[in-house]
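Participant:
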Ligand code: URA
């Protein structure tokens, strides 16, 4: 087999065999195929796409490029949830405890903030003492005892993805549906899951700007799961404004606490409950989605989801008191208001702009190596559809350093669109795939 022939055939839109894909991925992971040939192959995939069979083969060899976690000794269906990345998206910290409190087993492998999107690990690490870098043995022990554990992706899980992603990042091939689908699914499948609920975001703050692309990505990931008998379902949800009011790590933990106590924003509560219900259903704790919704709702109302989150915070070394006493979380030292230039209705809040502004003042990072400031971020005072007077506060930027504050404030101002008429109502949950 010659690499150049495979690149040639993919470039011309031909379907490669599983063996040929394995040759490419294994050869690249071992360092036998050079970056320039893999880059050419990735660009060919970017333009020519991949069949379902090719996608399955690509994902499977990425999974087998490293270790796979075996969680079979822990009783129950292991179900995780993954979001393709949003702004203010703290649903994992709400849906996972609700699902675990309802009886699902949730080994949650999460990522970090990158660019304008947030990351679950960074949010958890805003809790003083919380450890996400735990050993596999500890991960298993916490999961067995509490039915929920949060951890980061290790270098041993799907290492081919790490290597391919780094190459995609510098060759303009990140935004390819088969490459995104195989990247996400390989990491999740290596973590020993039986079932997975995906939240595919669409809109100004998401990877996918158009619903048709979000649907294709969701279908690709569901198809990968189906091929290997994993239960996978995807919700396509709106990311044309931040979810909830808080954007930024400690600020989002505060909103998680309020939501788990039944006092959260309507959109965040609604989506978290639906994700929890899907996890409960795929985790075979309930026979129907209606029953699963009822269980999720009850676990919210009786406070057991909130208690489960506290229990896991303790198990992972964190201080659970932060959920009641926000002064124990990292706190910003200053707040900068952004006011409405005129009266009207909020017709759009560009989630990408809010995410970027929050990242500029330190809540996010441009490269994987950068440190973040857990205290800072943005709190919205309004949501799309709200009526505002001229001079009303639209949001506040919470900061610890003034370096980039004005740049961030400008970005936030640009995010709000104000119109004379109320905008049409937009659905939060747009579609279910799988
Ligand atoms: N997230 C991933 O894990 N991989 C991608 O390719 C894109 C988003």
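In our numbering, the protein residues as written are 147 to 580.
Glycine residues also receive a C-beta, built at the ideal position from the N, C-alpha and C atoms.
(1) Where do the N-terminal and C-terminal ends of the alpha helix (DSSP H) with residue 324 fall, by residue?
(2) Mind listing, in chain order, the continuous alpha helix (DSSP H) runs of no fewer than 4 residues lying wholly within the region 386 to 447?
(3) Quick check: does the Cβ of residue 332 come within less than 6 Å of any heavy atom belonging to the ligand URA?
(4) May I ask which residues mark the beginning and end of the beta strand (DSSP E) holding residue 563?
(5) As a quick exercise: from 580, 392, 545, 422, pick the residue whose alpha carbon is nearest that of residue 525.
(6) Give a single yes or no on whether residue 256 has its beta carbon closer than 6 Å to a heavy atom of the ligand URA.
(7) Keeping to the same chain, check which residues put their C-beta closer than 8 Å to that of residue 167; ignore five residues upstream and five downstream.
(8) I need the boundaries of the alpha helix (DSSP H) containing residue 149, first residue and last residue.
(9) Sort 313, 343, 270 by Cα distance to residue 183 and report the nearest one.
(10) According to DSSP, simplified to helix, strand and coil, what is residue 319?
(11) Quick check: the region 240 to 247 against the region 427 to 447, are there 3 or more CB pairs under 8 Å?
(12) Evaluate residue 262 with the Cβ neighbour count: other Cβ atoms within 10 Å of its Cβ, from every protein chain shown; 16 or more gives buried, anything less gives exposed.
(13) Spatial neighbours of residue 280 within its chain, please: CB distance less than 6 Å, with the 5 preceding and 5 following residues excluded, ordered by chain position.
(14) With respect to 6 Å, is the separation between the Cβ of residue 211 and the closest non-hydrogen atom of the ligand URA below this value?
(15) Residue ranges of each alpha helix (DSSP H) run of no fewer than 4 residues wholly in the region 260 to 297, ordered along the chain?
(16) Taking just the CA atoms, how far does residue 375 sit from residue 597?
(17) For residue 418, which residues in the same chain have their Cβ closer than 6 Å to its Cβ, ignoring the five residues on either side in sequence?
(18) Out of 450, 288, 232, point me to the one whose CA is closest to residue 252's CA.
(19) Determine the DSSP secondary structure at residue 224, reduced to helix, strand or coil.
(20) Straight-line CA distance for residue 439 to residue 343?
(21) Ends of the alpha helix (DSSP H) at residue 184?
(22) Taking the alpha helix (DSSP H) that residue 525 falls in, what are its first and last residues?
(23) Counting C-beta neighbours from all protein chains within 10 Å, is the total for residue 254 16 or more, i.e. buried, or is it exposed?
(24) Quick one: Cα of residue 355 to Cα of residue 563, how far?
(25) Please identify the residue among 551, 484, 406, 543 whose C-alpha is closest to the C-alpha of residue 537.
(26) Can you give the Cα-Cα distance for residue 160 and residue 219, rounded to whole angstroms?
(27) Quick test of the definition: if touching needs 3 or more C-beta pairs under 8 Å, does the region 319 to 332 touch the region 493 to 502?
(28) Note down the Cα distance separating residue 410 from residue 175, rounded to an integer number of angstroms.
(29) Closer than 6 Å: is that where the CB of residue 486 sits relative to any heavy atom of the ligand URA?
(30) Would residue 337 and residue 170 be called neighbours here (beta carbons separated by less than 7 Å)?
(31) For residue 345, list the residues DSSP reports as bridge partners.
(32) Using C-beta distances below 7 Å, list every residue in its chain close to residue 464, excluding the 5 sequence neighbours before and after it, in chain order.
(33) Heavy atom of the ligand URA less than 6 Å from the Cβ of residue 326, yes or no?
(34) Let me confirm a value: residue 193 is counted as buried when at least 16 other C-beta atoms fall within 10 Å, else exposed. Which label applies?
(35) Considering only heavy atoms of the ligand URA, does any lie closer than 6 Å to the CB of residue 238?
(36) Do residue 329 and the ligand URA come close, with the Cβ less than 6 Å from some heavy atom?
Facilitator: The relevant details are as follows:
(1) That run of the alpha helix (DSSP H) goes 323 to 336.
(2) Runs found: 395 to 406, 412 to 428, 435 to 447.
(3) Residue 332 has its Cβ no nearer than 6 Å to any heavy atom of the ligand URA.
(4) Where residue 563 is concerned, the enclosing beta strand (DSSP E) stretches over 562 to 565.
(5) Of the residues 580, 392, 545, 422, the one whose Cα lies closest to the Cα of residue 525 is 392.
(6) At a threshold of 6 Å, residue 256 does not count as near the ligand URA, since its beta carbon sits no closer than that to any of the ligand's heavy atoms.
(7) Correct list, in chain order: 200, 203, 204, 207.
(8) It spans 149 to 157 - the alpha helix (DSSP H) in which residue 149 sits, taken as one unbroken run.
(9) For the set 313, 343, 270, the Cα lying nearest the Cα of residue 183 is the one of 313.
(10) Three-state DSSP puts residue 319 in coil, outside helix and strand.
(11) Judged by Cβ distances under 8 Å, the region 240 to 247 makes contact with the region 427 to 447, as three or more pairs qualify.
(12) Counting other Cβ atoms within 10 Å of its Cβ, residue 262 reaches 16 or more and is therefore classed as buried.
(13) Once the five neighbours on either side are set aside, the close Cβ partners of residue 280 are 297.
(14) No, since every heavy atom of the ligand URA falls outside the 6 Å radius drawn around the Cβ of residue 211.
(15) Listed in chain order, the complete alpha helix (DSSP H) runs (minimum 4 residues) inside the region 260 to 297 are 266 to 271, 282 to 292.
(16) Given that the chain is displayed from residue 147 to residue 580, the structure contains no residue 597 and the question cannot be resolved.
(17) So the qualifying residues of the chain are 237, 240, 241.
(18) Nearest C-alpha to residue 252: 288.
(19) Reduced to three states, the DSSP call for residue 224 is strand.
(20) Spanning the two alpha carbons is a distance of roughly 14 Å.
(21) Segment 181 to 194, the alpha helix (DSSP H) holding residue 184.
(22) Note, residue 525: premise wrong, no alpha helix (DSSP H); beta strand (DSSP E) at 523 to 526.
(23) Using a 10 angstroms sphere on the CB of residue 254, the tally of other CB atoms reaches 16 or more, which defines it as buried.
(24) Roughly 18 Å between the two C-alpha positions.
(25) Answer by Cα proximity: 484.
(26) Just so you know, the alpha carbons of residue 160 and residue 219 end up roughly 42 Å apart.
(27) With a cut-off of 8 Å, the region 493 to 502 and the region 319 to 332 do not count as touching, because too few Cβ pairs lie within range.
(28) Taking the Cα positions, residue 410 is about 45 Å away from residue 175.
(29) Answer for residue 486: no, Cβ out of range of the ligand URA.
(30) No, they are not a contact pair.
(31) For residue 345, which the question treats as bridged, DSSP gives the partners 229, 381.
(32) Only 273, 274, 275, 276 meet the Cβ criterion.
(33) Of the heavy atoms belonging to the ligand URA, at least one sits nearer than 6 Å to the Cβ of residue 326.
(34) In summary, residue 193 is exposed, with fewer than 16 beta-carbon neighbours lying within 10 Å of its beta-carbon over all protein chains present.
(35) Result no, Cβ not under 6 Å from the ligand URA.
(36) Under cutoff, so the answer is yes.
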